Every structure is written in structure tokens, then in C-alpha cells.
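Undergrad:
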Amino acid sequence: MAGGVSKAVLNAMDIGANSFALFLKSPRRWESPPIKEEEAVEFKRLCEKYGYNPRTDVLPHGSYFINLATPDAEKEEKAYGGFIDDLHRCEKLDIGLYNFHPGSSLDGDHKVAIKQLAKNINRAISETKFVKIVIENMAGHGNLIGSDLQDIRDVIDMVEDKSRVGVCIDTCHTFAAGYDIADTEKWEAFWKQFEDIVGWEHLSAIHLNDSKAPLGANRDLHQSLGQGFLGLEVFRIIANDERLQNIPIILETPVGKDDLIYGEEIKLLEWLKDKKADDADFVEKAAELQSLGSKDRAEQLKKQQTKKEKATKAPKRKKNGSDILSLLAKKPKTES
Ligand SMILES: [Zn+2]
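So in full-length UniProt numbering, spot 41 of the sequence shown is number 41, and the numbers just go up one at a time.
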């Protein structure tokens with residue numbers, strides 16, 4: 001969106017995307033100037049021109065520091081202000097979906113935090129017209145809400161208008177939270193759980209990332225497709241899973257300075273369509289990408305090992321709220 005929200009449409013077009021994400025304002029600042037009327041008109045005009053339906057094909061990402069579940073009432077009110085402002089921006093652009101991180105109970109009671117989050121979602125729905133609030137699943141660090149699918153179910157249970165709440169499954173977060181999805185059998189087992197606990201009707205989007213950290217590491221570290229601990233196989237499965245048709249599938253893989261990398265990953269996903277797990281060219285590609293990520297994986301494995309050793313030696317230090325809040329406020333380095 002650098003240069004205005006309408007630029008996001010052109011950038012998506014340039015890399016061959018048929019859906020895209022964007023920030024509606026700077027994700028690291030509370031206040032941002034409102035979207036100008038002419039920018040909104042231009043955004044809608046370009047979406048129409050290039051065949052993006054803003055109601056279904058665009059999935060903005062909320063600010064990282066919005067924590068609607070914080071036990072601090074003053075901070076909650078401020079977070080709600082940022083949240084509702086984002087939703088109003090969506091509706092100004094005719095955007096139908098809005099993805100956000102459900103936040104953290106910090107040092108408060110987890111159940112109370114979930115109730116508070118649902119209350120804020122209900123309030124936001126009553127103050128907007130159509131935008132669907134999409135809860136992203138989390139990697140399981142600290143007291144984050146939404147690392148366990150049951151948390152998401154509990155929130156949805158308390159939302160009055162269930163047609164206005166959805167779920168985004170981030171492949172990296174899922175894996176880091178301890179749900180293995182790396183092959184067909186595990187992928188199916190995960191979705192069976194999803195179906196039983198959350199329900200297919202709420203699946204609104206996918207965030208597509210490999211994981212730099214191993215299974216269950218609770219680390220939110222995105223990696224390029226095929227280079228992480230997930231490997232290329234799950235992305236082959238995704239490219240061929242009919243159930244994921246017609247929802248936005250958003251890449252949040254590391255790009256460095258070059259956004260065009262997304263274009264290459266989109267091409268890779270298109271190439272994976274109709275590939276079989278034992279196709280020679282697929283096997284070769286999967287091995288090639290794994291070797292590109294081997295250094296990063298080794299580094300993370302070592303970190304996990306040291307963490308485990310420390311945990312067995314020293315008694316566990318209780319994390320205080322401000323520690324975790326500062327983590328929440330920090331944009332993950334690899335997420336964009
Ligand atoms: Zn994500």
C-alpha cells in the first residue's frame with residue numbers, strides 16, 4: 001500500500017496474484033490519517049478493472065499491537081478504537097474480510113479474556129455493516145488466544161451474528177502450535193479436528209507460510225515455501241485441495257527487499273497443481289528447496305535445544321504481562 005491503498009491492487013496485479021492482503025494503515029502506529037475519498041474510489045475502480053472482488057478476494061491484516069483481550073481496561077478501549085477504525089476503513093473500500101490476531105490474556109484469566117474478546121467482536125459487528133471479522137490462529141507463544149482451536153470455537157460460540165465471524169488458518173502458526181500438517185494423512189487429521197471443533201463454514205482464509213522453527217516450537221517464524229520444517233509437500237497438497245477453492249490464500253513468506261519473490265511463489269503453487277507426491281520433478285524441487293533452508297533449520301533446532309536445556313536447569317521464570325505485550329507489539333520480522 002506504499003503510495004496509497006489503491007497501489008496494493010496494482011502490486012497484486014504485477015505479481016500475478018488473484019487475491020491479496022494489505023494494511024489499512026501503518027501496522028505499527030495507533031493513529032493514521034483517514035483514507036481519502038478519491039483513494040477509496042480509485043481502489044474500487046482498480047479492483048473492478050483487474051477482476052478482484054473486494055468482498056471476497058482482499059484480506060487486510062490488522063495492526064499487530066491490537067489486543068482486544070487485554071486485562072487492562074484502558075488499553076482495551078484503545079485497542080478497540082484501532083480495531084473499529086480498521087473495520088470502517090474496510091467498509092469504505094468495500095472490503096468484505098478483515099484478518100486480525102486475537103490477542104493475549106497476558107497475566108489475566110484466559111477464559112475471561114476470551115469472553116472479553118467476543119464482547120468486543122459483538123460490539124464491532126453492531127457498529128459496522130458487512131465486513132467479516134476473521135480470527136487468525138496463533139503459534140502458541142505465552143498466553144496467546146487462538147493457538148488452540150478450542151479457543152477459536154469458544155469465541156465464535158459467544159458471537160451473536162455468526163455470519164460475521166470467520167477463521168484464517170496460518171500454516172506456520174498451526175505447525176508451530178503443535179498441529180502437524182506436513183503430509184496428507186496429518187493434513188486430513190488436522191482438518192477433521194477443525195471440522196469437529198470450529199466448523200468448515202467459518203474457514204475464510206489461509207495464510208501460507210513454511211515454518212523456520214520445528215513442530216510445536218511455539219515460534220512465529222515464517223519461512224519461504226518448501227524451505228522450512230513443513231517442506232514442499234503440504235503446499236502441493238494445498239494447491240490440490242478443492243476445499244480451499246474460492247477463499248483468499250495469502251503468502252506471508254519472507255521477501256527481503258524484493259516483493260517480486262511472491263510472484264515466483266505464486267508460480268510455484270500453480271506448478272504444484274496436479275503434481276503427485278512421487279512425480280520425479282516434484283521430488284527434485286522439494287529436495288532443492290529443503291537444501292536452501294537447511295542452514296536456517298539447523299540454527300533453529302540448536303536454539304530449541306538450548307532452550308530445553310535451560311528449562312531443565314533453571315526454574316521457569318514467570319513471564320510478566322509487559323514482557324508479552326512488548327512481544328505482541330513487535331511485528332514478527334518475517335511477516336509482512
Ligand atoms: Zn499469518
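All C-beta atoms, glycine included, are put in the ideal place defined by N, C-alpha and C.
Computed from a predicted structure; not experimentally measured.
So, using beta-carbon positions, are L269 and G226 closer together than 8 Å?
TA: No, these two residues do not count as a Cβ contact at 8 Å.
Undergrad: At the level of alpha carbons, what is the spacing between K313 and K78?
TA: For K313 and K78, the distance between alpha carbons rounds to 40 Å.
Undergrad: Let me know the secondary structure DSSP gives V165 once reduced to three states.
TA: Here V165 sits in strand by DSSP.
Undergrad: Please work out which residues of its chain come closer than 6 Å, Cβ to Cβ, to S105, disregarding the five sequence neighbours upstream and downstream, and give them in chain order.
TA: These residues qualify, in order along the chain: A69, A113, N143.
Undergrad: Would you list the residues sitting across from A205 in a DSSP beta bridge?
TA: Its beta-bridge partners are C168.
Undergrad: Starting from the C-beta of R236, find all residues in its chain whose C-beta is less than 6 Å away, skip the five residues before and the five after it, and write them out in chain order.
TA: The answer, listed in chain order, is L272, K275.
Undergrad: Please look up how many angstroms separate the CB atoms of S224 and P248, rounded, as I've assumed it's under 8 Å.
TA: Contact doesn't hold; Cβ gap of about 19 Å is too wide.
Undergrad: Could you check where the beta strand (DSSP E) with K75 kicks off and where it finishes?
TA: Run containing K75: none in the beta strand (DSSP E); it sits in the alpha helix (DSSP H), 73 to 92.
Undergrad: State the Cα-Cα distance for the pair G263 and A217, rounded to the nearest angstrom.
TA: Computed Cα separation, rounded: 29 Å.
Undergrad: Going by CA-CA distance only, name the one from A12, D107, D72, V41 that's closest to P60.
TA: The option with the nearest alpha carbon to P60 is A12.
Undergrad: Would you tell me roughly how many angstroms separate the C-alpha atoms of N122 and D161, rounded to the nearest one?
TA: Answer to the nearest angstrom: the Cα atoms are 8 Å apart.
Undergrad: Would the segment 199 to 211 count as touching the segment 277 to 285 if we require 3 or more Cβ pairs under 8 Å?
TA: Too few Cβ pairs lie closer than 8 Å, so no.
Undergrad: Ligand 1 heavy atoms versus the CB of H110: any closer than 7 Å?
TA: Not so, every heavy atom of ligand 1 lies at least 7 Å from the Cβ.
Undergrad: Would you call Q245 buried or exposed, if buried means 16 or more other Cβ atoms sit within 10 Å of its Cβ?
TA: The residue is exposed, with fewer than 16 neighbouring Cβ atoms inside 10 Å.
Undergrad: Rounding to the nearest angstrom, what Cα-Cα distance links L149 and I197 in this structure?
TA: Their backbone Cα atoms lie some 7 Å apart in a straight line.
Undergrad: Do D210 and ligand 1 come close, with the Cβ less than 7 Å from some heavy atom?
TA: No, Cβ of D210 sits at least 7 Å from all heavy atoms of ligand 1.
Undergrad: Measuring only from the beta carbon, is H141 closer than 7 Å to any heavy atom that is part of ligand 1?
TA: Checking the Cβ of H141 against ligand 1 gives no.
Undergrad: What three-state label does DSSP hand V58 in the structure shown?
TA: Three-state result, V58: strand.
Undergrad: Could you tell me if A329 is buried or exposed, where buried requires 16 or more neighbouring beta carbons within 10 angstroms of its beta carbon?
TA: Annotation note: pLDDT 43 at A329 (below 50); position unreliable, coordinate value reported separately. Classification for A329: exposed.
Undergrad: When the Cα atoms are used, what is the spatial distance from G178 to G293?
TA: Rounded to the nearest angstrom, the two C-alpha atoms are 21 Å apart.
Undergrad: Applying the criterion that 16 or more other CB atoms from any shown protein chain within 10 Å of the CB defines a buried residue, is W200 buried or exposed?
TA: By the 10 Å Cβ count, W200 comes out exposed.
Undergrad: Would you kindly report the start and end of the unbroken beta strand (DSSP E) that includes N11?
TA: Note, N11: premise wrong, no beta strand (DSSP E); alpha helix (DSSP H) at 6 to 14.
Undergrad: Using 10 angstroms around the beta-carbon of A286, count the other beta-carbons present and answer buried if the total reaches 16, otherwise exposed.
TA: With 16 or more Cβ atoms within 10 Å of its Cβ, A286 is classed as buried.
Undergrad: From G321 to G140, what distance separates their C-alpha atoms?
TA: Bear in mind that a pLDDT of 42 at G321, under 50, signals an unreliable position, so the number given afterwards is only what the model happens to contain. C-alpha separation (whole angstroms): 16 Å.
Undergrad: May I have the straight-line CA-CA distance separating V9 from C47, to the nearest angstrom?
TA: V9 and C47: Cα-Cα distance of roughly 6 Å.
Undergrad: Run through DSSP, which three-state label would E136 get?
TA: Looking at E136 - three-state DSSP - the assignment turns out to be strand.
Undergrad: Tell me which residues share the same chain as E39 and place their Cβ nearer than 7 Å to its Cβ, disregarding the 5 neighbours each side in the sequence.
TA: The residues are G4, V5, S6.
Undergrad: Taking just the CA atoms, how far does W191 sit from V234?
TA: One C-alpha to the other measures close to 13 Å.
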